[in-house]
Amino acid sequence: MSKLHVQDMDDTNKEQEEVEFVAKSRLRSDKGAILNFMSGMDLSCNNLTELADSKSFSKLNKLEHIDLSWNLLDKQVLKVLGKFSALKSLDLHNNFIAGQLSEQDLAELCNLKVLILQFNELNGTLPIRYLGNFSSLEVLDLSINYFTGSILPNIGHLSSLRALSVSKNQLNGSLPTQGEIPSSLVSGMTSLEYIDLSHNLFEGLFSFSSFSNHSRLEVVQIVNDNDNFEVETEYSSWVPPFKLKVLRLPHCNLNKLSNTIPTFLFYQHELRILDLSHNNLTGRLDWLLDNSTRLEFLSLRNNSFVGQLHLPPLRSMNSQWIDVSDNKLYGKIQANIGQMIPYAIYLNLSKNSFEGSIPSSIGDLFYLEQLDLSFNNFSGKAPKELVANLVNLQTLKLSANRFHGQIFSAHFNLTWIEFLHLENNQLTGSLSNVILRSSQLTVLDISNNNISGNIPMWIGDMINLRTLAMRNNQLKGPLPCINLPFSFIDLSYNYLTGLIPTCLELQNTLGLYLQGNKFTGSIPESILNSSTLSILDIRDNNLSGKIPDSITSLPNLQVLLLKGNHLSGVIPIQLCQLNQIGFMDLSNNLFSGSIPRCFYNITFKEPSNYYSFIPAYFKRTIYEYGSILLDQYAVYDPNDGYTYENGAIDFLTKSESRSYEGDILDFKSGLDMSSNNFSGEIPHELGKLSQIFALNLSHNQLGGSIPRTLSNLSQVESLDLSYNNLSGEIPPELTDLHFLKFFNVSHNNLSGKVPAIKPQFGTFDNSSYEGNPFLCGLPLVKSCPAFVAPQNLQASSSDEAGRN
Numbered sequence: 149m150s151k152l153h154v155q156d157m158d159d160t161n162k163e164q165e166e167v168e169f170v171a172k173s174r175l176r177s178d179k180g181a182i183l184n185f186m187s188g189m190d191l192s193c194n195n196l197t198e199l200a201d202s203k204s205f206s207k208l209n210k211l212e213h214i215d216l217s218w219n220l221l222d223k224q225v226l227k228v229l230g231k232f233s234a235l236k237s238l239d240l241h242n243n244f245i246a247g248q249l250s251e252q253d254l255a256e257l258c259n260l261k262v263l264i265l266q267f268n269e270l271n272g273t274l275p276i277r278y279l280g281n282f283s284s285l286e287v288l289d290l291s292i293n294y295f296t297g298s299i300l301p302n303i304g305h306l307s308s309l310r311a312l313s314v315s316k317n318q319l320n321g322s323l324p325t326q327g328e329i330p331s332s333l334v335s336g337m338t339s340l341e342y343i344d345l346s347h348n349l350f351e352g353l354f355s356f357s358s359f360s361n362h363s364r365l366e367v368v369q370i371v372n373d374n375d376n377f378e379v380e381t382e383y384s385s386w387v388p389p390f391k392l393k394v395l396r397l398p399h400c401n402l403n404k405l406s407n408t409i410p411t412f413l414f415y416q417h418e419l420r421i422l423d424l425s426h427n428n429l430t431g432r433l434d435w436l437l438d439n440s441t442r443l444e445f446l447s448l449r450n451n452s453f454v455g456q457l458h459l460p461p462l463r464s465m466n467s468q469w470i471d472v473s474d475n476k477l478y479g480k481i482q483a484n485i486g487q488m489i490p491y492a493i494y495l496n497l498s499k500n501s502f503e504g505s506i507p508s509s510i511g512d513l514f515y516l517e518q519l520d521l522s523f524n525n526f527s528g529k530a531p532k533e534l535v536a537n538l539v540n541l542q543t544l545k546l547s548a549n550r551f552h553g554q555i556f557s558a559h560f561n562l563t564w565i566e567f568l569h570l571e572n573n574q575l576t577g578s579l580s581n582v583i584l585r586s587s588q589l590t591v592l593d594i595s596n597n598n599i600s601g602n603i604p605m606w607i608g609d610m611i612n613l614r615t616l617a618m619r620n621n622q623l624k625g626p627l628p629c630i631n632l633p634f635s636f637i638d639l640s641y642n643y644l645t646g647l648i649p650t651c652l653e654l655q656n657t658l659g660l661y662l663q664g665n666k667f668t669g670s671i672p673e674s675i676l677n678s679s680t681l682s683i684l685d686i687r688d689n690n691l692s693g694k695i696p697d698s699i700t701s702l703p704n705l706q707v708l709l710l711k712g713n714h715l716s717g718v719i720p721i722q723l724c725q726l727n728q729i730g731f732m733d734l735s736n737n738l739f740s741g742s743i744p745r746c747f748y749n750i751t752f753k754e755p756s757n758y759y760s761f762i763p764a765y766f767k768r769t770i771y772e773y774g775s776i777l778l779d780q781y782a783v784y785d786p787n788d789g790y791t792y793e794n795g796a797i798d799f800l801t802k803s804e805s806r807s808y809e810g811d812i813l814d815f816k817s818g819l820d821m822s823s824n825n826f827s828g829e830i831p832h833e834l835g836k837l838s839q840i841f842a843l844n845l846s847h848n849q850l851g852g853s854i855p856r857t858l859s860n861l862s863q864v865e866s867l868d869l870s871y872n873n874l875s876g877e878i879p880p881e882l883t884d885l886h887f888l889k890f891f892n893v894s895h896n897n898l899s900g901k902v903p904a905i906k907p908q909f910g911t912f913d914n915s916s917y918e919g920n921p922f923l924c925g926l927p928l929v930k931s932c933p934a935f936v937a938p939q940n941l942q943a944s945s946s947d948e949a950g951r952n
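Residues in the sequence shown are numbered consecutively from 149, following my numbering.
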């Protein structure tokens, strides 16, 4: 060995002597000569916590390249590395270097060409002031840190810089000619080939004319996260000198005045990646698709493009990712689409107005992994080539179209499918065991179709299935006695009959939906024995009996929906032990007795996200700009989102049944005990439910006065106490409920003056108070005398009739 250029110790257990300065062990004297000639060292991924300052460093005076990425190093490493004056390349990404960078840090490394500090915990302003002295710096990556403030003007002194990334920080200011950021931000760095300013807090207008002298520019990424930043590309007679390979400008209010596709793209024939999504751009796509002959990735989602989608011949052969979802495109898919994009792995045409049938050539897309045609006007049958030939398909979304016929035919051969969404169509037939060929299936949603027949026993053999949604079909018969290993089970609105099996196993279930069937009998112990269950929805069946005391075996229950059955008896105090509850609907049953005072133990806090099952269904690096960023930086890692199932809960509030879906469940809570036979007084302890948003006790036989403590329901938006036997005055303190949007105390025995018309109470009309003959004051027609004493009268016969 005459000269050791690179010592690679990545993920190895090589002799500890050779890394003495890391492990503090003894270096044999005969190794010294080797260190004298060492020019490069790779110590990445070794869980290093420090570099020991030892005499061995004096022998590393020719070290030019060192990779310390993916370790556990802190800021002290900078002091040690400052002694390697010959260093040209330093990679410290993915460590724990925290705090501000000072002028003393790395001050001696004046020969640096590559400095990578990505994914650390650095903060303060960008260290441009002293980095400006590094005249040879070519690659600077400060991304994924906590830098704040504006980008200082002297960054333009880095005239040799070829690659700059400050993405995913908290930088602000205007770009590039206004406020804190002068035009020298980029105009002086004419050697730039790669620039990434994404995911910061920039505001104002950024003009692409700043790149008018950048003939080497190949990659521009400005992914924006706020509405106060704009990018403008349109200038008369402007012909760009560069040939871009990557352009990403999503969420940038691009060309906000004209809403046009950047016309300079007419000159960009080398583009590999183009992302102009979420910009409200208008017009047609024909010229862009004709002009971009080398595109591998195209995302134009969430704009307002119009016209038909026509992929030109011999122009799209390289395309691997096409997303034109959420636009105003229409017409049919061209018949030869399979020949136009033969290497596509992702195709998303959802949320447009495409129509007609799916061409059979779709089956020629052998490499396709993700296909989303949902929310269009497609019709006809899914071609057999789709379900038979696309053996690499992982996600198929045909939701919300007008497809008919059977989908689970003998041709079904989607062996690698993980996410199958067929909901909201007109599909028929029964469940066929051909779906067992899809052993990787994780999500199956066939809701809102015309699927018929019984639920087969083999459904329990789908061991990888986590979400099974078959609501609103024509399934009939009993629920089979099988193990249901799923996280999410929705069989609502079918024609299932008989008892809910006592042998069901819900060991890993988060949500069980059986609403709107014809189940009879009592609530079985089998569904009350789950440490994971968050939502139990058995509304609108024919269940009877009492709420079992064993309900306490659901410690993580957040939503309990029992409405519309024939359940009876008193509410067991065990229900008060479910302190995670956010929604409880006991309405339209035959419950009796008093409202438990211990309900205040529940608190009805905001429920958390019920479905934590959010698997990433696609994450693949399409393009790597390795020539500049040392084969480490994927300029587009299209983690295009996640597929997940969020519960939908109908909750009676504001005098109507409103469906709260997804995230709104994270912020709302409610208790509905209406339309039962509850009696006694309203417990004053209910005033402790300070986080509840809806409380409905209407249509019962509750008496006594309205507790003044209800004024402590500071978040309540809907309060319904109508059709009871309540007496006395309406507590004036209720006017302190500033978020109250619906209020109803009609058809009781209340008396005295209606609360003062303050901001919220000024919005309630006569219907909130009618049926209380001894109430007076606006908005009622009856005016109050000079002195009004509360009355305590029995309900009139008409009120009683209204209650019944």
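Using N, Cα and C, we set each Cβ at its ideal position, and we do this for glycine too.
- If you look at L229, you'll find it in the alpha helix (DSSP H) that goes Q224 to L229.
- Nearest neighbour of E378 by Cα position, chosen from L639, N573 and G321, turns out to be G321.
- The beta carbon of F526 is closer than 8 Å to those of F502, E503, G504, S505, I506, L546, N549, R550 and F551 in its chain, skipping five residues each way along the sequence.
- Note on geometry: alpha-carbon atoms of K889 and T911 lie some 8 Å from one another.
- In the structure shown, D239 adopts extended strand secondary structure according to DSSP, grouped into three states.
- If you compare the alpha carbons of K227, L240 and F267 with that of Q252, the shortest gap goes to K227.
- Residue pairing of N271 in beta bridges, as defined by DSSP: Y294.
- The count of Cβ pairs closer than 8 Å, one atom from the segment 245–262 and one from the segment 185–199, stays below three, leaving the stretches out of contact.
- In the DSSP assignment, Q248 falls outside any alpha helix (DSSP H), carrying neither H nor E.
- Residue pairing by DSSP places I264 opposite D239 and D289 in a beta bridge.
- Check the Cα spacing between I721 and each of S735, L405, K694 and L738: the tightest is with K694.
- Unbroken beta strand (DSSP E) runs of no fewer than 3 residues, entirely contained in the segment 380–454, are found at 394–396, 421–423 and 445–447, following chain order.
- Note on geometry: alpha-carbon atoms of A904 and R745 lie some 30 Å from one another.
- Excluding its 5 nearest sequence neighbours in each direction, S346 has C-beta neighbours in its own chain below 8 Å: S315, K316, Q369, I370, V371, N372 and R396, listed in chain order.
- Only buried fits F909, as 16 or more other CB atoms lie within 10 angstroms of its CB.
- When the beta-carbon positions are compared, G664 and D697 stay at least 7 Å from each other.
- Here T381 is buried. Its C-beta has 16 or more other C-beta atoms within 10 Å.
- The Cβ atoms of D222 and D239 do not sit closer than 7 Å to each other.
- Per the DSSP secondary-structure output, Y478 pairs in a beta bridge with S501.
- G717: member of the beta strand (DSSP E) spanning H714 to G717, first to last residue.
- Out of P855, W386, L874 and S838, the CA that lies nearest to the CA of S846 is found in L874.
- From the listed residues S233, H241, L211 and L858, the smallest Cα separation to C193 is found for H241.
- For F551, the three-state secondary structure derived from DSSP is strand.
- In chain order, G486 and A492 place their CB closer than 6 Å to the CB of L513, counting only its own chain and leaving out the 5 sequence neighbours on each side.
- Per the coordinates, the alpha-carbon of L279 lies some 16 Å from the alpha-carbon of Q266.
- A straight-line Cα-Cα distance of about 10 Å links L738 and K711.
- Sequence-distant Cβ neighbours of I292 in its own chain, meaning closer than 6 Å and more than five residues away, are Q266, F267 and K316.
- For R585 and T563, the gap between their C-alpha atoms comes out near 6 Å.
- When secondary structure is reduced to three states using DSSP, Y748 falls in the helix class.
- N537 and L681 have their C-alpha atoms spaced approximately 38 Å apart.
- For K532, the uninterrupted alpha helix (DSSP H) segment begins and ends at K532 to N537.
- When rounded, the separation of the alpha-carbon atoms in P410 and N736 is 59 Å.
- With 16 or more neighbouring CB atoms inside 10 Å of its own CB, P398 falls in the buried class.
- The straight-line gap separating the alpha-carbon atoms of L306 and G431 is approximately 40 Å.
- At a Cβ-Cβ threshold of 7 Å, N439 and N407 do not count as neighbours.
- Separation of L433 and F453 (C-alpha to C-alpha, rounded to the nearest whole angstrom) is 7 Å.
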